[in-house]
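Residue 128 in UniProt numbering sits at position 128 of the first sequence; the count goes up by one each step and never skips. Beta carbons: idealized from backbone N, C-alpha and C, even for Gly. Working notes, beginning with the structure itself.
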Amino acid sequence: MDSAEFHAAVYHVVRRIPYQRVTSYGHIAKLIGMPNYSRLVGQALKFLSRDVEPPVPWQRVISSAGTISSRGPGTNGAQIQREALEAEGVEVVVGRTGEFRVDLARWGWFPAPGTVDIGLSLTPAGAPGTTDGAGVDVT
DNA sequence: ACTTTGGCTTTAC
DNA sequence: TGTAAAGCCAAAG
């Protein structure tokens, strides 16, 4: 797939992230079938224009450690992201060094690869397993 | 064409 | 958890 398809797949998957759920860049890469493209997922979201037709909930994508990427001191992207997450009810805590983090055990959404539609032909036909992908139910 | 730079990950300590 | 180091891949410089 070329970069256009990659972007499309990323957006597609990100849009599949349920309300009040978050996932990681790396997991999205896995879902698409390219485990080592985690950084490119970040770029795809970075290149995303802010007024695409079906909005892409990019705020539901954070690092695998459950922290919101700061994107540098001069930017307020992390703050925006935090507000967006809290706005939909996701609990965001502030670390001791001031970073925002989300409890992945509670809000994380990590369905097995192949169980979500990525909008491309590589989705296996009768994908077994969870179609819900309700991550961890530790309550 | 080479070097840096990212909304990253994993493994190891 | 928190760093540190080594991979990773495309876009900028």
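Asked: Among Met1, Gln79, Leu31, whose alpha-carbon lies nearest the alpha-carbon of Arg15?; Found: Leu31
Asked: Keeping to the same chain, check which residues put their C-beta closer than 8 Å to that of Phe6; ignore five residues upstream and five downstream.; Found: Ile32, Met34, Tyr37, Leu40, Ala44
Asked: Is there at least one non-hydrogen atom of the ligand NAD closer than 8 Å to the beta-carbon of Thr75?; Found: Ligands are entirely absent from the displayed structure, and the ligand NAD is therefore not among its contents.
Asked: With Ser63 and Ser70 assumed to form a contact (beta carbons below 8 Å), what rounded beta-carbon distance in angstroms separates them?; Found: Ser63 to Ser70, Cβ: 10 Å. No contact.
Asked: Find the nearest neighbour of Gly26 within the set Val13, Tyr19, Pro18, Gln20, judged by alpha-carbon distance.; Found: Val13
Asked: Taking the C-alpha atoms as reference points, what is the distance between residue 154 and Arg60?; Found: Only positions 1 to 139 of the chain appear in the structure, and residue 154 is not among them; the question remains open.
Asked: Inspect the beta-carbon positions of Val92 and Arg106 and report whether they are closer than 9 Å.; Found: no
Asked: Exposed or buried, which one is Thr23 when buried takes at least 16 other CB atoms within 10 Å?; Found: buried
Asked: For Val90 and Arg21, I'd like the C-alpha separation in whole angstroms.; Found: 7 Å
Asked: Grab me the residues of Thr46's own chain with a C-beta within less than 8 Å of its C-beta, minus the 5 sequence neighbours each way, in chain order.; Found: It should be noted that the sequence gives Lys, not Thr, for residue 46. Excluding positions up to five away in sequence, the list is empty.
Asked: Looking at the secondary structure, which residues open and close the alpha helix (DSSP H) in which Phe47 lies?; Found: 38 to 47
Asked: Report the CB separation of Gly74 from Val102 in whole angstroms; it is logged as a contact under 8 Å.; Found: Not confirmed; about 23 Å, so no contact.
Asked: To the nearest whole angstrom, what separates the beta carbons of Gly119 and Ala8, a pair I think is in contact under 8 Å?; Found: 6 Å
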